[in-house]
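A short worksheet on the structure shown next.
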Amino acid sequence: MRAHELRSAWDRFFERRGHTVVPSAGLIPHHPSAPMFTNSGMMPFVSYFLGEEAVPYDPPRASSIQKCVRAGGKHNDLDAIGRSTRHLSFFEMAGNFSFGDYFKAEMIPWAWEFVTSSVGEGGLGVDGDRIWATVHTTDDEAEAIWADVVGLPRQRIQRMGTDNFWEMGETGPCGPSSELFFDFGPEFGADGGPAQGSEWRYIEFWNLVFTQYFRGADGQLTDLPNTNVDTGLGFERTLALTEGSSSLYDADGMRQLVSGAEQVTGRSLGDSDLGDIALRLLADHTRSTAFLISDGVIPSNEDRGYVLRRIMRRAVRFAYLLDVSDAVLVPMIERCAEMMGDAYPDLRTNSELILGVAEREEGQFRTTLANGSTLLDQALDGLDDDATLPGAVAFKLHDTYGFPLEVTEEMAQLRGHEVDLAGFDAEMEQQRARAKAASKGGGVEVGEAADEFRRLITENGPTEFVGREVSTTEATVLGIVGGSVVLDRTPFYAESGGQVGDTGTLSWSGGSARVLDTTFALPGLTRHVLGNDAAPDVGGLSAGDTVTASIDVERRNAIRRNHTATHLLHWALRQVLGDHVKQQGSLVDETRLRFDFSHFQALSADEIVRIEDLVNREVLTGEPVSHEEMSRSDADERGAIAFFGEKYGDDVRVLEAGPSVELCGGTHVSALGQIGTVKVTSEASIGSNIRRIEASTGLNTIELLRRDEATLGALAAELGTSSDELLATMRRRNDDNKALRAEVGQLRTEAARSKAMSLAETATDGVIVARVEAASRDEVRDQALALRDRPGIRAVVLGAVPGGKGVTLVVATSVDGDLHAGELMAPAAKAISGGGGKGADLAVAGGKNADGLDEALEMLRTALGIS
Ligand code: SER
6 MRAHELRSAW DRFFERRGHT VVPSAGLIPH HPSAPMFTNS GMMPFVSYFL GEEAVPYDPP
66 RASSIQKCVR AGGKHNDLDA IGRSTRHLSF FEMAGNFSFG DYFKAEMIPW AWEFVTSSVG
126 EGGLGVDGDR IWATVHTTDD EAEAIWADVV GLPRQRIQRM GTDNFWEMGE TGPCGPSSEL
186 FFDFGPEFGA DGGPAQGSEW RYIEFWNLVF TQYFRGADGQ LTDLPNTNVD TGLGFERTLA
246 LTEGSSSLYD ADGMRQLVSG AEQVTGRSLG DSDLGDIALR LLADHTRSTA FLISDGVIPS
306 NEDRGYVLRR IMRRAVRFAY LLDVSDAVLV PMIERCAEMM GDAYPDLRTN SELILGVAER
366 EEGQFRTTLA NGSTLLDQAL DGLDDDATLP GAVAFKLHDT YGFPLEVTEE MAQLRGHEVD
426 LAGFDAEMEQ QRARAKAASK GGGVEVGEAA DEFRRLITEN GPTEFVGREV STTEATVLGI
486 VGGSVVLDRT PFYAESGGQV GDTGTLSWSG GSARVLDTTF ALPGLTRHVL GNDAAPDVGG
546 LSAGDTVTAS IDVERRNAIR RNHTATHLLH WALRQVLGDH VKQQGSLVDE TRLRFDFSHF
606 QALSADEIVR IEDLVNREVL TGEPVSHEEM SRSDADERGA IAFFGEKYGD DVRVLEAGPS
666 VELCGGTHVS ALGQIGTVKV TSEASIGSNI RRIEASTGLN TIELLRRDEA TLGALAAELG
726 TSSDELLATM RRRNDDNKAL RAEVGQLRTE AARSKAMSLA ETATDGVIVA RVEAASRDEV
786 RDQALALRDR PGIRAVVLGA VPGGKGVTLV VATSVDGDLH AGELMAPAAK AISGGGGKGA
846 DLAVAGGKNA DGLDEALEML RTALGIS
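Sequence positions in the sequence shown follow my numbering and run 6 to 872.
Here it is, written out as structure tokens:
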């Protein structure tokens, strides 16, 4: 079966059964309980399973084919890839979902029907006699449906424990599952079914999860508001199975990428084990790379960017191991976009960004790899015969240079050394502990507060946000959790989309409290965080009371200006720099706006001016800004740009501000003129290929200009001139300074030289050893040479701390004498922690340790026999 055939068979089968066919969400998940990457089809729907958000489908059913990455966290398959033919880091999962609608009785027969009905009838056409099913040890109901409704012989239904209990991550929705297996036949391994037989023979390809629990951060299971269904059919696995293979690399799409890897590397499958691993790994890692970059991840040393970097580097490393010196990522990604661009058009629209990032990362890493090999060679050079390579070196190679331990071991063994594995493990353990400590303290609510917030949203639905229309409103208190208040409606904007939360006041008949911040406790549930002094009893306020909620309007206005300006800035950046500019993050508060975006180099002064001009010209039009709610498809029709990393439902808000059209849920000015003057205040790099720009608007720009003006005024006053004359005056001063410095230098040299000459009189037995003053190393040398060339002098040793920095030691010996300057110098140079000249009649050494100078001079006195 071809990939596009399976796509349409899946969509049609579930569409006919009342499901809304939903396009794949991005790889960056949004729910607070979600892991690093979207790792299964159900993840975009988590808040529907949890009852946090209303299900937008009628009936409440959906199906999708979701792109997934499993590389980090609970479901991490990265290390197996390439060696195993049954794991991928990027894969697609076909899924269907019931949100409190149908359950086991419908799902199990449907699964059977889809798998066993013929291709012509819209199924997979798989021989039902080859199918086994497993159910959870406790699940009598599922077993009965398989046996009595479907008619699957009882001997092909097996019960399993943890294997049949699926969990999204450490926390989140979960439940018992029933899995479908395909039996490849006795030539692939032992009988006994999935529970006892060979794992190479019985291959799982569809997981039906009956999602009915939530696992909290304390590990406890609680019932979800409804019973749900979440199924995941391995897309590549199913394609391979229809080709009679258990290898995912035989699936349509993967097969072509493996042959792409053969072309790019010049190796063929079957040439060698290492070669086969590399070819498969390249096929897999290319897809992860292309899709992750397309979804807004950029290789870096943190979080998702770090995982992406590991994936990319691993691919390059394997190519390097095969002695492939041409870049591999770019041609592989191009191949991938050809294969998958129809199903995922983003791969094509974002191709400039994807290829640019891939090319750079590979180039940089190839240099790193070459350096790593040098480091390893040096470390091995320094070892005695039979000594082991320290674990710390192997770990550094692994951690910094991406050398897997096996590669280091192999290279060390070639030169007769073992690696200290225990040392390596200890370093690894320490790093894990560090990583664990760093990953704690995420934003997920735990324990009682989380349960209370979930209860509030389940009972009352999401908080109504009225802050676009009004700045103050009456509202009813729904609950007080910790130091925060939940209302039925609110003008307070909860921090999201880069815009900070509002501040303001809540007042009621008995008192009032400051709201210091506003955030979402759960998607859609607004939490007003009160000042510490108000907590915990909030002055007698309790659920059911009426309050007046008022935001700080001045602050909100400043925030709005910065937010709308961010959109204009994004538009102008794309105009000036190109469409590869994509938002990577933003922060909008009352003082400034900050915008991170993908771009490969620093902005020039001229580019910044052009960007400012474009933005300010738009502001000056004073045109109205529109911020309307519409369907996602209408938004797409208007050409709205979606920010990476934002979650959008089916109904979205589209902000049109001048030429900029973007999806955005923030708060904005109603006309461009309200923004005031926009001024870029800084531009810098914050990681490879990511720039950060900051700007000010409105009254803040005026403040900024006033501050600069005041600084200039103060400077001018200090220099006794006017602001207009400042530059000319400053230049004159600098020239004067330069001339004065030169004059002083000359005077100093002359003084030093005449002082040196007086040293000639101190000669003992033709030898002079002295500490002198000098402005530079050259000056010390000149003094020494001038002294040496005087009659009767055999050797001159001068030491100085020129300009108060570093130590200079000079030994000059007469050209026709038998004293060797370099040999005299060698031991003395150690005393000043220095090194340098080894000449026979002149040795000049520079050192760091000024405290050692007297000792060095004393050593030379002794060596020259005058002490
Ligand atoms: N969530 C389940 C899985 O990932 C079924 O979709 O296997």
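Each residue gets a CB set at the ideal place from its N, CA and C atoms; glycine is no exception.
Item to check | Unbroken alpha helix (DSSP H) run spanning A610, endpoints | outcome: 610 to 626
Checklist entry - Is there contact between the stretch 569 to 580 and the stretch 482 to 489, where contact requires at least three CB pairs shorter than 8 Å? => result no
Checklist entry - So what's A332 in DSSP terms, helix, strand or just coil? => result coil
Item to check | V632 - partner residues in DSSP beta bridges | outcome: In the sequence as presented, Val is not what sits at residue 632; that position holds His. For H632, which the question treats as bridged, DSSP gives the partners L660.
Checklist entry - In three-state DSSP terms, what is R793? => result Under the three-state reduction of DSSP output, R793 falls in the helix class.
Checklist entry - Do T734 and L724 have their C-beta atoms closer together than 8 Å? => result Yes. Within cutoff.
Item to check | Distance between E97 and A417 (C-alpha atoms, nearest Å) | outcome: Here the alpha carbon of A417 sits roughly 40 Å from the alpha carbon of E97.
Checklist entry - Smallest Cα separation from D145: which of I162, V131, G130? => result I162
Checklist entry - How would you call A607, buried or exposed, if buried means at least 16 neighbouring beta carbons within 10 angstroms? => result A residue is called buried once 16 or more other Cβ atoms fall within 10 Å of its Cβ, and A607, having fewer, is exposed.
Item to check | Close-in-space but distant-in-sequence residues of the same chain around A427 (CB under 7 Å, 5 per side omitted) | outcome: The answer, listed in chain order, is G396.
Checklist entry - Which residue spans inside the stretch 774 to 830 form an unbroken beta strand (DSSP E) run of at least 3? => result 800 to 805, 812 to 818
Next on the checklist: Check whether the stretch 752 to 769 and the stretch 780 to 797 are in contact - that is, three or more C-beta pairs closer than 8 Å.
Outcome noted: yes
Item to check | Segment contact flag, the stretch 683 to 700 with the stretch 589 to 609, C-beta cutoff 8 Å, min 3 pairs | outcome: Between the stretch 683 to 700 and the stretch 589 to 609 there are three or more C-beta pairs closer than 8 Å, enough to call the two in contact.
Item to check | For A850, the nearest candidate out of I773, G822, A805, A195 (CA to CA) | outcome: For the residues I773, G822, A805, A195, the minimum Cα distance to A850 belongs to A805.
Item to check | Backbone secondary structure at P178 - three-state DSSP | outcome: In the three-state DSSP reduction, P178 falls in the strand class (E or B).
Checklist entry - Using the beta-carbon count (16 or more within 10 Å), is Q225 buried or exposed? => result Around the Cβ of Q225, a 10 Å sphere holds fewer than 16 other Cβ atoms; the residue is exposed.
Next on the checklist: Alpha carbons only, please: which of H36, G166, T216, E248 is nearest the one belonging to G130?
Outcome noted: Checked all of H36, G166, T216, E248; the closest Cα to G130 is E248.
Next on the checklist: Please tell me whether, using a cut-off of 7 Å, the distance from the CB of N567 to the nearest non-hydrogen atom of the ligand SER is below it.
Outcome noted: no
Checklist entry - Of all the options L461, S512, S517, which has the alpha carbon lying nearest to the alpha carbon of F525? => result L461
Next on the checklist: Following a CB-centred definition, is G237 positioned closer than 7 Å to any heavy atom of the ligand SER?
Outcome noted: yes
Checklist entry - Where do the N-terminal and C-terminal ends of the beta strand (DSSP E) with I33 fall, by residue? => result Segment: none, I33 is in no beta strand (DSSP E) and carries neither H nor E.
Checklist entry - DSSP puts N212 in a beta bridge; with which residues? => result As computed with DSSP, N212 is found in a beta bridge with E184, G237.
Item to check | DSSP three-state assignment for Y498, whether helix, strand or coil | outcome: coil
Next on the checklist: With H, G and I counted as helix, E and B as strand and the rest as coil, what does DSSP make of K445?
Outcome noted: Any reading at K445 needs caution, since the residue's pLDDT is 40, under 50, leaving its predicted position unreliable; the model's value is listed next. Coil, per DSSP.
Checklist entry - So what does N101 bridge to, in DSSP terms? => result S68
Checklist entry - Closer than 7 Å: is that where the CB of W171 sits relative to any heavy atom of the ligand SER? => result yes
Checklist entry - From A455 to F104, what does the alpha carbon distance come to, in whole angstroms? => result 21 Å
Checklist entry - For the putative contact between L213 and A116, defined by C-beta atoms under 8 Å, what is the C-beta separation to the nearest angstrom? => result Right, their Cβ atoms sit about 6 Å apart.
Checklist entry - According to the neighbour-count rule (16 or more other Cβ atoms, all chains shown, within 10 Å of its Cβ), is V475 buried or exposed? => result exposed
Checklist entry - Are the beta-carbon atoms of G221 and T270 separated by less than 8 Å? => result Not closer than 8 Å, so no.
Checklist entry - Which residue's Cα is closest to the Cα of I613: L574, R314, R637? => result Closest by alpha carbon: L574.
Checklist entry - Mapping DSSP to helix, strand and coil, what is S52? => result Three-state result, S52: helix.
Next on the checklist: Could you check whether the stretch 502 to 517 touches the stretch 659 to 672, counting it as contact only if at least three pairs of C-beta atoms, one from each stretch, sit closer than 8 Å?
Outcome noted: yes
Item to check | Beta bridge counterpart(s) of A170 as assigned by DSSP | outcome: A quick correction: the sequence has Phe, not Ala, at residue 170. Paired residue(s): P181.
Next on the checklist: If you reduce the DSSP assignment to three classes, tell me which class L483 lands in.
Outcome noted: In the three-state DSSP reduction, L483 falls in the strand class (E or B).
Checklist entry - Which residues bound the beta strand (DSSP E) around I695? => result Taken as a continuous stretch (DSSP letters only), the beta strand (DSSP E) holding I695 covers 695 to 701.
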